[in-house]
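Chemist: Numbered according to our numbering, the sequence shown terminates at residue 851, and the numbering increases by one at each position without gaps. One structure is given below, represented as structure tokens, and several questions about it will come after.
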Amino acid sequence: MKKSDIGVIGLAVMGENLVMNMESRGYAVSVYNRTAQRVADFVGGRAKGKNIVGAYGLDEFVNQLAAPRIVMLMVRAGEPVDEYIERLIRLLNPGDIIIDGGNSHFSDTAKRTQYVESKGLLYIGTGVSGGEEGALKGPSIMPGGSEAAWPFVKPIFQAIAATADGAPCCRWVGSGGAGHYVKMVHNGIEYGDMQLICEAYQLMRNGLGMSADEMSGVFSEWNRGELNSYLIEITADILAYKDLDGAPLIDKILDAAGQKGTGKWTVVSSLDEGVPLTLIGEAVFSRCLSSIKDQRTAASKILSGPSMKLNVDKPKFIEAIRDALLASKIISYAQGFSLMQSAADTYGWELDYGGIALMWRGGCIIRSVFLGDIKKAFDKNPNLKNLLLDDYFKDIIHVAQSGWRTVCAEAMLAGIPIPAMASALSYFDGYRCENLPANLLQAQRDYFGAHTYERLDSPRGKFFHTKWQAESTGHG
Numbered sequence: 376m377k378k379s380d381i382g383v384i385g386l387a388v389m390g391e392n393l394v395m396n397m398e399s400r401g402y403a404v405s406v407y408n409r410t411a412q413r414v415a416d417f418v419g420g421r422a423k424g425k426n427i428v429g430a431y432g433l434d435e436f437v438n439q440l441a442a443p444r445i446v447m448l449m450v451r452a453g454e455p456v457d458e459y460i461e462r463l464i465r466l467l468n469p470g471d472i473i474i475d476g477g478n479s480h481f482s483d484t485a486k487r488t489q490y491v492e493s494k495g496l497l498y499i500g501t502g503v504s505g506g507e508e509g510a511l512k513g514p515s516i517m518p519g520g521s522e523a524a525w526p527f528v529k530p531i532f533q534a535i536a537a538t539a540d541g542a543p544c545c546r547w548v549g550s551g552g553a554g555h556y557v558k559m560v561h562n563g564i565e566y567g568d569m570q571l572i573c574e575a576y577q578l579m580r581n582g583l584g585m586s587a588d589e590m591s592g593v594f595s596e597w598n599r600g601e602l603n604s605y606l607i608e609i610t611a612d613i614l615a616y617k618d619l620d621g622a623p624l625i626d627k628i629l630d631a632a633g634q635k636g637t638g639k640w641t642v643v644s645s646l647d648e649g650v651p652l653t654l655i656g657e658a659v660f661s662r663c664l665s666s667i668k669d670q671r672t673a674a675s676k677i678l679s680g681p682s683m684k685l686n687v688d689k690p691k692f693i694e695a696i697r698d699a700l701l702a703s704k705i706i707s708y709a710q711g712f713s714l715m716q717s718a719a720d721t722y723g724w725e726l727d728y729g730g731i732a733l734m735w736r737g738g739c740i741i742r743s744v745f746l747g748d749i750k751k752a753f754d755k756n757p758n759l760k761n762l763l764l765d766d767y768f769k770d771i772i773h774v775a776q777s778g779w780r781t782v783c784a785e786a787m788l789a790g791i792p793i794p795a796m797a798s799a800l801s802y803f804d805g806y807r808c809e810n811l812p813a814n815l816l817q818a819q820r821d822y823f824g825a826h827t828y829e830r831l832d833s834p835r836g837k838f839f840h841t842k843w844q845a846e847s848t849g850h851g
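So, in structure tokens, the structure goes:
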């Protein structure tokens with residue numbers, strides 16, 4: 376019997392869809408699942424008549440694969456990944472390849488890469504973005520780990536990936552946990568994009584009293600311009616969707632958001648790196664705040680504030696919301712790419728930032744026209760320190776900031792929470808500010824903890840300490 380080109384372990388929806396995608400591109404695929412019945416149901420149902428072979432034991436599964444054997448894990452992150460690695464190591468030969476396609480933490484992937492390589496095997500930890508539809512029709516794929524494995528995996532991954540501008544949304548990211556790190560940042564930016572859209576929605580719904588259909592029309596219009604993206608597109612669809620009684624379904628959904636942790640990981644990493652990821656941080660905390668629904672309901676009956684109604688020119692303010700959303704989105708990406716640049720220095724990765732933007736242009740949740748402009752920015756200047764310094768994005772911000780400031784000011788006066796838009800504006804103003812009040816902060820730290828400070832009239836790196844109380848009072 377002809378050997379399979381690749382094997383996939385884990386037949387939840389993402390795993391099944393990736394298998395169907397691989398087979399549709401001409402690859403023979405073997406499948407295994409901890410629950411044997413799921414294998415039987417898949418090969419006898421959806422995969423019937425396809426070049427897909429089921430296995431009911433790991434030995435059988437491994438023996439079905441052509442050398443070098445390529446095994447892709449599509450299982451829950453954490454212990455299940457480690458368990459399968461241990462089981463596979465005993466069955467695979469030197470040079471065989473294990474791939475983790477789940478949302479593993481990048482540090483775990485780095486450790487697993489070292490461990491698997493120590494056993495004579497190769498390891499890839501890859502981000503896969505695009506949800507169920509992307510897995511089936513073409514996701515964004517972000518592989519990292521053992522670079523020696525890439526030539527064997529590249530044809531398959533680039534065949535099943537989405538394409539943008541004629542290029543596959545998949546390329547080698549870097550060593551160790553680089554692939555999963557880039558996927559983590561992608562998810563953090565996804566958190567930011569979604570929160571910004573939700574704030575635009577609340578400004579229109581609560582502040583302007585717009586109906587779901589009106590808002591759907593606005594988002595549809597925005598999707599034809601610079602904000603064109605998957606998330607804007609689906610927001611228009613969601614707002615237009617009616618329940619069985621003809622009322623907008625959106626109005627019946629509980630306002631308590633969930634999260635899987637990748638956004639939190641991104642913010643934690645930004646704290647480790649010392650990179651101000653303020654917008655994505657606010658997006659994560661907004662989900663946390665939403666989750667305490669009962670407390671908020673009780674607080675709404677006790678705490679008073681403005682009515683959340685905006686007294687503005689409606690058409691002009693809708694345009695201002697668009698400007699605020701666009702400008703804030705630029706900040707989110709600027710912060711995300713700055714974080715990847717810092718992490719690359721920390722972990723010794725040589726990340727291709729234009730290539731990353733291209734990988735995100737198709738297939739993934741944050742795919743948008745916008746990312747093509749990010750690729751151009753890094754193609755023009757691979758050493759670009761911050762997207763805000765690129766002429767294209769600088770000009771957009773300068774045009775949009777009047778509306779952006781109007782939205783933030785009016786929202787705060789009306790009592791409408793816009794944590795992501797407001798934090799983005801504060802970051803922008805802080806980044807363009809030559810002199811921040813950290814000189815006072817340094818003096819405070821020196822006062823109570825003798826932490827020292829640098830002086831403007833001395834070279835950087837020379838530190839001073841003052842006995843503040845004695846000198847300010849004239850005593851001691």
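Yeah, the Cβ is synthetic: ideal placement off N, Cα and C, and Gly gets one too.
(1) Within the same chain, show all residues whose beta-carbon is closer than 6 Å to that of residue 476, passing over the 5 residues directly before and after it, in chain order.
(2) Does the contact criterion of 3 or more C-beta pairs under 8 Å hold for the stretch 378-386 versus the stretch 400-411?
(3) For residue 446, which three-state DSSP category applies?
(4) What are the boundary residues of the beta strand (DSSP E) that includes residue 504?
(5) Report yes or no: do the stretch 669-680 and the stretch 731-749 share at least 3 C-beta pairs separated by less than 8 Å?
(6) Give me the Cα-Cα distance between residue 451 and residue 539, rounded to the nearest whole angstrom.
(7) Return helix, strand or coil for residue 369, following the three-state DSSP convention.
(8) List the endpoints of the continuous beta strand (DSSP E) containing residue 591.
(9) Can you grab the Cα-Cα spacing for the pair residue 395 / residue 530, in whole Å?
(10) Would you mind sorting residue 755 into buried or exposed? The rule is 16 or more other CB atoms within 10 Å of its CB.
(11) Applying the 10 Å Cβ sphere with the 16-neighbour rule, what's the burial state of residue 518?
(12) Sort out for me which residues DSSP pairs residue 469 with in a bridge.
(13) With residue 397 as the anchor, note down where its alpha helix (DSSP H) starts and where it stops.
(14) Judging by CA-CA distance, which residue of 795, 459, 824 is the nearest neighbour of residue 572?
(15) On the DSSP bridge assignment, give the partners of residue 475 in chain order.
(16) By the 10 Å Cβ neighbour count, where 16 or more other Cβ atoms means buried, how is residue 721 classified, buried or exposed?
(17) Quick one: any contact between the stretch 780-800 and the stretch 693-700, if contact means 3 or more CB pairs under 8 Å?
(18) Looking at residue 656: is its Cβ nearer than 7 Å to the Cβ of residue 642?
(19) Can you name the start and end residues of the alpha helix (DSSP H) that residue 656 belongs to?
(20) Just confirm the distance between the C-beta atoms of residue 789 and residue 582, as a whole number of angstroms; I'd bet it's less than 8 Å.
(21) Please find out if some non-hydrogen atom of the ligand SAM comes closer than 6 Å to the beta-carbon of residue 708.
(22) Three-state secondary structure (DSSP) at residue 638?
(23) CB-CB under 6 Å to residue 825, same chain, minus the five flanking residues each way: which ones, in chain order?
(24) Bridge partners for residue 617 per DSSP, in chain order?
(25) Among residues of its own chain, excluding the 5 on either side of residue 527, which ones have a beta-carbon nearer than 7 Å to its beta-carbon?
(26) Grab me the residues of residue 791's own chain with a C-beta within less than 7 Å of its C-beta, minus the 5 sequence neighbours each way, in chain order.
(27) Determine the direct distance from the alpha carbon of residue 397 to that of residue 727, and round the result to whole angstroms.
(28) How would you call residue 535, buried or exposed, if buried means at least 16 neighbouring beta carbons within 10 angstroms?
(29) What are the start and end residues of each continuous alpha helix (DSSP H) run of 4 or more residues lying completely inside the stretch 542-581, in chain order?
(30) Taking C-alpha atoms, which residue in 703, 731, 694 lies nearest to residue 712?
(31) I need the boundaries of the beta strand (DSSP E) containing residue 518, first residue and last residue.
(32) If you measure between the beta carbons of residue 665 and residue 630, is that distance less than 7 Å?
(33) When the Cα of residue 555 is compared with those of 509, 595, 515, 478, which residue comes out closest?
(34) Check for me: the alpha helix (DSSP H) holding residue 493 runs from which residue to which?
(35) Going straight from the alpha carbon of residue 601 to that of residue 488, what length do you get?
Modeler: The answer reads as follows:
(1) The residue given as residue 476 occupies position 101 in the sequence shown. Hits under 6 Å: 447, 449, 501, 503.
(2) yes
(3) Counting from one through the sequence shown, the residue named residue 446 turns up at place 71. Note: residue 446 maps to strand in three-state DSSP.
(4) What you label residue 504 is simply residue 129 of the sequence shown in a count that begins at 1. Residue 504 -> beta strand (DSSP E) spans 497-504.
(5) no
(6) In the sequence shown, counting from the first residue as 1, residue 451 sits at position 76. In the sequence shown, counting from the first residue as 1, residue 539 sits at position 164. Using only the alpha carbons, I get a separation of about 29 Å.
(7) As displayed, the chain neither begins before 376 nor continues past 851, which places residue 369 out of reach and without an answer.
(8) As a working mapping, residue 591 is identified with position 216 in the sequence shown. Run containing residue 591: none in the beta strand (DSSP E); it sits in the alpha helix (DSSP H), 587-597.
(9) Taking the sequence shown and counting its residues from 1, one reaches residue 395 at position 20. Taking the sequence shown and counting its residues from 1, one reaches residue 530 at position 155. One C-alpha to the other measures close to 16 Å.
(10) On the sequence shown, residue 755 is found 380 positions in, with the first residue counted as 1. Classification of residue 755: exposed, given that the 10 Å Cβ count is below 16.
(11) For this step, residue 518 is matched to residue 143 along the sequence shown. Under this definition residue 518 is a buried residue.
(12) As a position in the sequence shown, residue 469 is number 94, starting the count at 1. Residue 469 is not bridged to any residue.
(13) Locating residue 397 in the sequence shown gives position 22, where the first residue counts as 1. Unbroken alpha helix (DSSP H) run through residue 397: 388-399.
(14) Translated into positions along the sequence shown, residue 572 becomes position 197. Nearest option by C-alpha distance: 795.
(15) If you number the sequence shown from 1, residue 475 lands on position 100. Looking at the DSSP assignment, residue 475 forms a beta bridge with 448, 500.
(16) Counting from one through the sequence shown, the residue named residue 721 turns up at place 346. Answer is exposed; the Cβ neighbour count stays below 16.
(17) yes
(18) Reading the sequence shown from its first residue, position 281 is the one you call residue 656. Reading the sequence shown from its first residue, position 267 is the one you call residue 642. It is a contact, given that the beta carbons lie within the stated cut-off.
(19) Position 281 of the sequence shown, counted from the start, is the residue given in the question as residue 656. Counting along the chain, the alpha helix (DSSP H) containing residue 656 begins and ends at 653-666.
(20) By 1-based counting over the sequence shown, the position of residue 789 is 414. By 1-based counting over the sequence shown, the position of residue 582 is 207. About 6 Å; that satisfies the 8 Å criterion.
(21) With respect to the ligand SAM, the structure shown offers nothing to examine, as it has no ligands at all.
(22) As a first step, residue 638 is located in the sequence shown; it is residue number 263 there, counting from the start. Reduced to three states, the DSSP call for residue 638 is helix.
(23) Looking up residue 825 in the sequence shown gives position 450. The residues are 840.
(24) One-based indexing of the sequence shown puts residue 617 at position 242. Answer by DSSP bridge pairing, in chain order: 623.
(25) Position 152 of the sequence shown, counted from the start, is the residue given in the question as residue 527. Here the set comprises 443, 445, 472.
(26) For the purposes of this step, residue 791 is taken as residue 416 along the sequence shown, with counting starting at 1. Cβ neighbours of residue 791 beyond the five flanking positions: 577, 578, 581, 582, 683.
(27) Sequence index remark: in the sequence shown, residue 727 carries index 352 (1-based). Sequence index remark: in the sequence shown, residue 397 carries index 22 (1-based). For residue 727 and residue 397, the distance between alpha carbons rounds to 26 Å.
(28) Translated into the one-based positions of the sequence shown, residue 535 becomes position 160. With 16 or more other Cβ atoms within 10 Å, it is buried.
(29) 553-577
(30) Position 337 of the sequence shown, counted from the start, is the residue given in the question as residue 712. The shortest C-alpha separation from residue 712 is found at 731.
(31) Within the sequence shown, the letter at position 143 stands for residue 518. Counting along the chain, the beta strand (DSSP E) containing residue 518 begins and ends at 515-520.
(32) Working through the sequence shown from its first residue, we reach residue 665 at position 290. Working through the sequence shown from its first residue, we reach residue 630 at position 255. Result yes, Cβ atoms of residue 665 and residue 630 sit closer than 7 Å.
(33) The count along the sequence shown starts at 1 and reaches residue 555 at position 180. Measuring from the Cα of residue 555, the nearest candidate turns out to be 478.
(34) Numbered from its first residue, the sequence shown carries residue 493 at position 118. Here the alpha helix (DSSP H) through residue 493 covers 481-493.
(35) Here residue 601 is taken as the residue at index 226 of the sequence shown, counted from 1. Here residue 488 is taken as the residue at index 113 of the sequence shown, counted from 1. When rounded, the distance between both Cα atoms is 40 Å.
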